[in-house]
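The UniProt record's numbering puts the first residue of the sequence shown at 1, with every later residue one more than the last.
Think of the CB as a built atom: it goes at the ideal place given N, C-alpha and C, for glycine as much as any other residue.
Report on the following structure.
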Amino acid sequence: MAAARPARPARPARTAGSAAGQARPATGSAGPAGPGASVLDAHLAALAAALLPYRRAEELLARWGGELAHRLAAGGRLLVAGNGGSAAEAQHLTAELVGKLRDDREPLSALALHAETSALTAIGNDYGYDEVFARQVRAHGRPDDILLLMSTSGASANLVAAAHAGRDAGLRCWAFTGPTPNPLADACHDTLAIASPDSQVVQELHLVSTHVLCEYVDRVLPAALAAAGRAVPAIGAAGRAVPPAAGAAGRTTPAVAGAPPAAGAPDPAVRAGVEVVLDDGTGRQTEAG
């Protein structure tokens with residue numbers, strides 16, 4: 001006769017905080033949240049340290065949104081590029097413009113150069129990785145276009161080469177970067193530089209910047225279309241323009257404030273956590289304080 005199996009010891013009663021998945025959080029190194037802070041607390045503290053001064057970036061993003069709306073309404077387009085996580089964020093921006101951020105509107109022309117995989121790999125194979133974006137800029141860029149390049153380091157050689165190619169072709173060149181000085185900021189007309197030592201925080205505020213930029217494009221777009229002599233289309237549920245006879249005939253769209261400032265207007269300095277680097281051929285630059 002088989003021996004009886006010994007009884008299992010009783011499990012201890014589960015109390016609040018002892019459930020699976022509620023283990024004590026790991027602690028990280030000293031940072032903005034102080035020594036011994038949890039990984040989450042340390043990350044949120046680093047983000048908070050950059051987030052409050054980041055509010056000063058709104059003036060630049062409003063100006064960019066107005067200029068981008070007017071150029072897109074006049075038939076220009078946006079070219080973007082990045083590497084790694086910045087490539088994903090740049091492609092997110094084009095998705096918001098070709099698709100929509102929130103409200104229905106007509107699609108806007110925006111191309112992510114890194115998403116053209118066959119051209120990207122062919123150029124890299126034949127001309128080297130530093131040329132993968134610059135050659136596409138020379139192929140597709142026109143003087144009415146804007147080139148926006150994203151890099152947490154601001155040191156990516158292929159993006160710097162793209163900026164030089166864009167300026168040579170007459171494009172307006174902007175950059176999202178981490179702290180300055182960096183080569184990409186030097187190569188572009190305007191740069192929004194997040195002055196944080198943490199690349200994760202830089203990327204997170206680049207994403208916020210993408211959404212705010214799109215908000216300003218959408219605000220200014222009706223006025224930009226009117227200024228370009230184009231009718232503001234009524235948009236149906238499917239996101240398609242509705243012919244006036246079948247849709248909103250006679251309906252007018254009020255002008256929206258936010259067009260770019262007059263040429264030569266001074267740009268306010270943005271300090272403490274966000275740097276706006278202005279070149280525009282003058283070499284002038286504002287530094288974070």
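### Query
What is the rounded straight-line gap between the Cα of H211 and the Cα of R142?
On the sequence shown, position 211 is the one that residue 211 refers to. On the sequence shown, position 142 is the one that residue 142 refers to. If you take the alpha carbons of H211 and R142, they lie about 25 Å apart.
### Query
From which residue to which residue does the beta strand (DSSP E) around S156 run?
On the sequence shown, position 156 is the one that residue 156 refers to. No beta strand (DSSP E) contains S156, which DSSP labels as neither H nor E.
### Buried/exposed call for residue 294, threshold 16 Cβ in 10 Å
For the chain, the structure presents residues 1 to 289; residue 294 sits outside this window and is missing.
### Query
Exposed or buried, what is S196 when buried is set at 16 or more other beta-carbons lying within 10 Å of its beta-carbon?
Here residue 196 corresponds to residue number 196 of the sequence shown, with the count starting at 1. That one is buried.
### Query
In the DSSP assignment, what residue or residues form a beta bridge with L149?
Here the question's residue 149 lines up with position 149 in the sequence shown. Per DSSP, A81, A175.
### Query
When burial is assigned at 16 or more other CB atoms within 10 Å of the CB, is A165 buried or exposed?
Here residue 165 refers to the residue found at position 165 when the sequence shown is read from its first residue. Buried is the call here.
### Sub-7 Å separation of L148 and V80 beta-carbons
For the purposes of this step, residue 148 is taken as the residue at position 148 of the sequence shown. For the purposes of this step, residue 80 is taken as the residue at position 80 of the sequence shown. Yes, the pair counts as a contact, with Cβ atoms nearer than the cut-off.
### Message
According to DSSP, simplified to helix, strand and coil, what is T210?
### Response
For the purposes of this step, residue 210 is taken as residue 210 along the sequence shown, with counting starting at 1. Residue state for T210 is assigned as helix, using DSSP reduced to three classes.
### Task
Determine the burial state of G99: buried for a count of at least 16 other Cβ atoms within 10 Å of its Cβ, exposed for fewer.
Indexing the sequence shown from 1 puts residue 99 at position 99. Result: exposed.
### Query
What did DSSP end up calling L101 once you bin it into helix, strand or coil?
Walking along the sequence shown from the start, residue 101 turns up at place 101. Correct three-state label for L101: coil.
### Query
Beta-carbon separation of E89 and L184 under 7 Å?
Within the sequence shown, the letter at position 89 stands for residue 89. Within the sequence shown, the letter at position 184 stands for residue 184. At least 7 Å separates the beta-carbon of E89 from that of L184.
### Message
Give me, in chain order, the residues of the same chain whose beta-carbon lies closer than 6 Å to that of H43; leave out the 5 immediate sequence neighbours on both sides.
### Response
By 1-based counting over the sequence shown, the position of residue 43 is 43. Cβ neighbours of H43 beyond the five flanking positions: none.
### Message
Considering only DSSP beta bridges, list what L52 is partnered with.
### Response
Within the sequence shown, the letter at position 52 stands for residue 52. None; L52 has no bridge partner.
### Rounded C-alpha distance that separates G229 from L72
Translated into positions along the sequence shown, residue 229 becomes position 229. Translated into positions along the sequence shown, residue 72 becomes position 72. Looking at the two C-alpha atoms, the distance is approximately 13 Å.
### Task
Compute the Euclidean distance between the alpha carbons of L97 and A74, then round it to the nearest angstrom.
For this step, residue 97 is matched to residue 97 along the sequence shown. For this step, residue 74 is matched to residue 74 along the sequence shown. Rounded to the nearest angstrom, the two C-alpha atoms are 15 Å apart.
### Task
Say whether the stretch 119 to 128 touches the stretch 45 to 60, bearing in mind that this needs 3 or more beta-carbon pairs closer than 8 Å, one atom from each stretch.
Look at the beta carbons and you see the stretch 119 to 128 not touching the stretch 45 to 60: under three pairs across the two are nearer than 8 Å.
### Query
Applying the criterion that 16 or more other CB atoms from any shown protein chain within 10 Å of the CB defines a buried residue, is Q200 buried or exposed?
Counting from 1 along the sequence shown, the entry for residue 200 is found at position 200. Q200 comes out exposed.
### Task
Would you kindly report the start and end of the unbroken alpha helix (DSSP H) that includes L192?
Taking the sequence shown and counting its residues from 1, one reaches residue 192 at position 192. No alpha helix (DSSP H) contains L192, which is instead part of the beta strand (DSSP E) from 190 to 194.
### Query
So, using beta-carbon positions, are A110 and T94 closer together than 7 Å?
The residue given as residue 110 occupies position 110 in the sequence shown. The residue given as residue 94 occupies position 94 in the sequence shown. Going by C-beta atoms, A110 is nearer than 7 Å to T94.
### Query
Is it right to say D168 is buried, meaning 16 or more other beta carbons lie within 10 angstroms of its own, or is it exposed?
The residue you call residue 168 lines up with position 168 of the sequence shown. Exposed: under 16 other Cβ atoms inside 10 Å.
### Query
By a C-beta neighbour count over all protein chains shown, 10 Å radius and 16 as the cutoff for buried, is G289 buried or exposed?
Numbered from 1 along the sequence shown, position 289 holds the residue referred to as residue 289. Note that G289 scores a pLDDT of 35, beneath 50, so its modelled location is shaky and nothing firm can be said.
### Query
Do W64 and L205 have their CB atoms nearer than 7 Å?
Residue 64 sits at position 64 when you count from the first residue of the sequence shown. Residue 205 sits at position 205 when you count from the first residue of the sequence shown. In this structure, L205 does not lie closer than 7 Å to W64 by Cβ.
### Message
At the level of alpha carbons, what is the spacing between A226 and T191?
### Response
Translated into the one-based positions of the sequence shown, residue 226 becomes position 226. Translated into the one-based positions of the sequence shown, residue 191 becomes position 191. Straight-line Cα distance between these residues: approximately 29 Å.
### Message
By alpha-carbon positions, which one of Q203, A134, R105, H114 ends up nearest to Q91?
### Response
As a first step, residue 91 must be located in the sequence shown, where it is residue number 91. Minimum Cα distance to Q91 is reached at H114.
### Query
With a CB to CB cut of under 7 Å and the five nearest residues on each side skipped, what residues in its chain are close to G124?
As a working note, residue 124 is residue 124 in the sequence shown. Answer for G124: V132, listed in chain order.
### Query
Nearest to residue 335 by alpha carbon, out of G82, L108, A223, P181?
Only positions 1 to 289 of the chain appear in the structure, and residue 335 is not among them; the question remains open.
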